[in-house]
Amino acid sequence: MNTDYSDLGNAVQKDINVDSLWIINERSKYGKHSNVYHGNFIPQIPNQLIRRYTKKGETVLDIFMGSGTTLYECENLERNFIGYDINNQIIDFVKSKMTDTQSIKFEINCADVTNKEDFDATMLNALQKLNIDKVDFLIAHPPYMDIVKFTDQAEDLSRISDLKIFLEKFMAAIGNGLNYLKKDRYFAIIIGDIYKKSEVIPLGFYASDAIKKSFAVKLKGVIIKNIEGNRGKLGAYNIWKYRALKSDYYIFKHEYIFVFKKEF
Ligand SMILES: C[S@@+](CC[C@H](N)C(=O)[O-])C[C@H]1O[C@@H](n2cnc3c(N)ncnc32)[C@H](O)[C@@H]1O
52 MNTDYSDLGN AVQKDINVDS LWIINERSKY GKHSNVYHGN FIPQIPNQLI
102 RRYTKKGETV LDIFMGSGTT LYECENLERN FIGYDINNQI IDFVKSKMTD
152 TQSIKFEINC ADVTNKEDFD ATMLNALQKL NIDKVDFLIA HPPYMDIVKF
202 TDQAEDLSRI SDLKIFLEKF MAAIGNGLNY LKKDRYFAII IGDIYKKSEV
252 IPLGFYASDA IKKSFAVKLK GVIIKNIEGN RGKLGAYNIW KYRALKSDYY
302 IFKHEYIFVF KKEF
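Positions 52 to 315 (this note's numbering) are the ones given, in order, by the sequence shown.
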């Protein structure tokens with residue numbers, strides 16, 4: 052382990068979850084988190100990962116930053132941040148929330164992270180501004196193929212319904228990001244399985260397998276995180292249960308966090 056926890060203090064260290072099962076019942080809503088973006092992740096995910104794998108003053112790269120959940124956690128935890136998303140509107144929204152920020156350095160931009168030329172150009176510019184060569188942690192929370200559509204742009208991964216094409220494009224994005232991650236540092240993907248044409252597509256396992264086959268990395272953790280939707284709270288659980296039995300499926304209640312260590 053190359054990360055030093057001495058600056059975290061005892062109380063915070065205790066609070067780092069080292070179990071492979073994360074049951075998180077309530078979404079953190081403090082600070083800038085507003086849960087306005089369909090498909091965002093809960094702040095506890097980047098919070099745990101950032102605290103475990105980086106130190107204060109280091110830099111996190113989020114290649115599918117969406118509504119900025121990782122960025123707000125970086126701000127709270129005093130880590131610098133570089134982030135991209137293909138959705139121009141959400142980038143503008145995040146920029147508007149960050150106008151008061153002084154404690155960290157950050158660079159956020161609209162970019163297609165599957166396109167190497169675009170990626171390299173924006174990344175070199177960001178690295179120059181932050182005065183660093185590479186980043187210390189990479190996080191990737193892609194669309195789960197086409198189950199939630201984000202934009203109408205042709206390069207948006209949420210427009211891809213074909214598994215092979217999705218994995219190729221996702222690996223292109225991961226490869227582009229990994230070029231800027233320091234050797235021996237960590238990266239995490241957050242992904243869920245999907246259901247298509249009457250069967251489960253275990254997207255998480257396919258993506259983890261594709262990463263292992265494409266890059267010199269070690270798989271360090273497979274974490275299962277619960278999904279607490281509002282179905283139960285709305286008293287509609289019995290309807291979902293009825294549908295699941297009738298249509299022969301299980302209700303997804305979990306997502307994966309795969310943690311890897313870059314070895315090149
Ligand atoms: C699951 S969301 C990420 C949500 C984010 N973690 C949050 O908390 O708000 C996936 C994001 O990937 C973006 N995206 C899809 N294709 C992309 C691409 N080719 N390049 C960059 N971003 C892309 C979408 O616009 C969407 O915001």
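C-beta atoms are modelled at their ideal positions from N, C-alpha and C, and glycine is treated no differently. Just so it is clear, the structure is predicted and the values come from calculations on it, not from any experiment.
{"Check": "From G228, D299, Y301, Y293, residue whose alpha carbon lies closest to that of I114", "Outcome": "G228"}
{"Check": "Stretch pair the segment 174 to 194 + the segment 106 to 124: three plus CB contacts closer than 8 angstroms", "Outcome": "yes"}
{"Check": "E77 burial status per 10 Å Cβ neighbour count (16 or more: buried)", "Outcome": "exposed"}
{"Check": "Expected contact under 8 angstroms - CB spacing of E306 and G243 to nearest Å", "Outcome": "4 angstroms"}
{"Check": "Residue of C125, Y231, Y288 minimising C-alpha distance to F315", "Outcome": "Y231"}
{"Check": "Best match in N160, I241, S265, R103 for proximity to F92 [C-alpha to C-alpha]", "Outcome": "I241"}
{"Check": "Bridge partners - Y257, DSSP secondary structure assignment", "Outcome": "None, per the DSSP bridge assignment."}
{"Check": "Closest residue to K107 among K156, D184, A172 (Cα-Cα distance)", "Outcome": "K156"}
{"Check": "A177 to E158 span [Cα, whole Å]", "Outcome": "6 angstroms"}
{"Check": "Distance, V273 Cα to L72 Cα", "Outcome": "9 angstroms"}
{"Check": "K180, DSSP secondary structure in three states", "Outcome": "helix"}
{"Check": "Collapsed DSSP secondary structure at Y104 in the structure displayed", "Outcome": "helix"}
{"Check": "From S298, Q99, I262, D213, residue whose alpha carbon lies closest to that of K276", "Outcome": "Q99"}
{"Check": "Nearest-angstrom Cβ-Cβ length linking L128 and I101, presumed shorter than 8 angstroms", "Outcome": "5 angstroms"}
{"Check": "Outcome for H38 when other beta-carbon atoms lying within 10 angstroms are tallied against a minimum of 16", "Outcome": "Any question about residue 38 goes unanswered here, given that the chain covers just 52 to 315."}
{"Check": "Residues of its chain near I252, where Cβ-Cβ distance is below 6 angstroms and the 5 sequence neighbours each way are ignored", "Outcome": "I245"}
{"Check": "Heavy atom of ligand 1 within 7 angstroms of H192 beta-carbon", "Outcome": "yes"}
{"Check": "CA-to-CA distance, N289 to R282, given in whole angstroms", "Outcome": "For R282, the predicted model reports a pLDDT of 49, less than 50, meaning its position is unreliable and no value from the coordinates is stated."}
{"Check": "Counterpart residues of L112 in DSSP-defined beta bridges", "Outcome": "I133, L189"}
{"Check": "Helix, strand or coil at Y81 [DSSP, three-state]", "Outcome": "coil"}
{"Check": "Own chain residues within Cβ distance below 6 angstroms of R103, not counting five before or after", "Outcome": "I67"}
{"Check": "Proximity winner among S259, T202, S249, relative to D141 (alpha-carbon distances)", "Outcome": "With the sequence shown as reference, residue 141 is identified as Ile, and Asp is not the correct amino acid for it. It is T202."}
{"Check": "N- and C-terminal bounds of the alpha helix (DSSP H) containing R294", "Outcome": "288 to 298"}
{"Check": "First through last residue of the beta strand (DSSP E) which encompasses E306", "Outcome": "305 to 313"}
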